[in-house]
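Quick notes on the structure that follows.
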Amino acid sequence: MTTPLLELRELHVNADDTPILKGVNLTVHEGEVHALMGPNGAGKSTLASVIMGHPGYVVTAGQILLRGNDIAEWTPDERARAGIFLAFQYPEAIGGVSVIQFLRQAIAARKNLDELSVLEVRLDLAEWMDRLGMDSSFAERHLNEGFSGGERKRNEVLQMALLEPDLALLDETDSGLDIDALRVVAHGVRTIKGARPSMGAVVVTHYVKLLDELVPDVVHVLVDGRIVHSGGVDVAALIERDGYEQFRLVHQ
Ligand SMILES: Nc1ncnc2c1ncn2[C@@H]1O[C@H](COP(=O)(O)OP(=O)(O)O)[C@@H](O)[C@H]1O
Ligand SMILES: [Mg+2]
26 MTTPLLELRE LHVNADDTPI LKGVNLTVHE GEVHALMGPN GAGKSTLASV IMGHPGYVVT
86 AGQILLRGND IAEWTPDERA RAGIFLAFQY PEAIGGVSVI QFLRQAIAAR KNLDELSVLE
146 VRLDLAEWMD RLGMDSSFAE RHLNEGFSGG ERKRNEVLQM ALLEPDLALL DETDSGLDID
206 ALRVVAHGVR TIKGARPSMG AVVVTHYVKL LDELVPDVVH VLVDGRIVHS GGVDVAALIE
266 RDGYEQFRLV HQ
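Mind the numbering: the sequence shown is residues 26 to 277 in our numbering, read in order.
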């Protein structure tokens with residue numbers, strides 16, 4: 026048995042002294058796509074953020090292991106350099122920074138380089154935009170200035186493609202995104218995995234229908250800070266038919 030890419034063992038996490046995750050166990054091997062579903066407030070975003078090392082969340086018990094190494098004390102930068110990726114969200118427009126300029130900085134940080142040639146990034150970016158079916162003019166757009174939901178997601182997927190993570194965490198934080206915008210992510214994960222089969226991914230999604238496109242290996246249901254059910258894509262049908270209440274009742 027190979028060492029898992031990611032292992033959460035009985036992970037307990039607080040935010041502002043409030044317990045949010047209450048003993049999460051999760052094992053992701055290389056090349057696996059895991060979908061994480063659950064009602065609002067269950068702790069899905071907390072799970073993604075604490076793996077990345079967001080300073081607002083405190084591990085009070087349990088372990089976060091990356092290839093067997095406990096990373097709980099690592100900074101977000103160290104985790105990024107070790108290959109963990111969480112799509113960066115822009116709270117507001119960053120004036121004057123184009124998609125390509127931003128990606129160049131992000132790649133340099135991930136690969137621990139001082140400088141990276143614009144030409145090199147441009148070639149990689151052009152190739153990926155072509156593979157992902159994106160219009161080449163997107164590279165010159167300025168971050169968030171008038172980005173639609175779909176464009177924000179395209180930008181996230183391009184980050185994921187170019188940063189070449191070993192473990193990609195995707196949190197569907199935007200409510201009110203249309204289904205096409207969300208499909209960009211599912212399609213992006215599949216395309217990128219096609220090129221790099223060893224990448225593992227944990228994808229948070231509310232939309233049962235997206236699982237068709239994402240084709241996850243495992244679907245987890247997170248309720249009240251615990252994974253209460255894990256299964257195949259058939260879990261989606263249960264959720265669609267009867268919601269999350271069935272899992273709540275069984276496990277309390
Ligand atoms: N910084 C924080 N301080 C206090 N409570 C928080 C904080 N962040 C999240 N929470 C609470 O933790 C719970 C889980 O939040 P979250 O991880 O965002 O859930 P989800 O992504 O599943 O909707 C919610 O009840 C939320 O209000
Ligand atoms: Mg969330």
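C-beta: ideal position from N, C-alpha, C; glycine also.
Bear in mind the structure is a predicted one, so any value in this text is a computation, not a measurement.
| Item | Value |
| --- | --- |
| Between which two residues does the alpha helix (DSSP H) containing Val-260 stretch? | 259-267 |
| Is the region 129-138 in contact with the region 218-226, if contact means three or more CB pairs nearer than 8 Å? | no |
| I'd like to know whether the C-beta atoms of Leu-46 and Gly-78 end up nearer to each other than 9 Å. | no |
| Just to confirm, are Val-233 and Glu-265 a CB contact at a threshold of 9 Å? | yes |
| Going by Cα to Cα distance, which pick from Met-62, Leu-187 and Glu-103 is closest to Ile-76? | Glu-103 |
| Any idea what DSSP makes of Thr-52, helix, strand or coil? | strand |
| At the level of alpha carbons, what is the spacing between Val-182 and Val-228? | 12 Å |
| Hey, quick one: how far does the beta strand (DSSP E) through Val-58 stretch, first residue to last? | 58-62 |
| Helix, strand or coil for Lys-47, going by three-state DSSP, please let me know. | strand |
| How close, in whole Å, do the beta carbons of Thr-230 and Ala-60 come, if the pair is a contact with beta carbons under 8 Å? | 6 Å |
| Ligand 2 heavy atoms versus the CB of Val-244: any closer than 8 Å? | no |
| Please list, following the chain, all residues that have a C-beta closer than 7 Å to any non-hydrogen atom of ligand 2. | Lys-69, Ser-70, Asp-196, Thr-198 and Val-229 |
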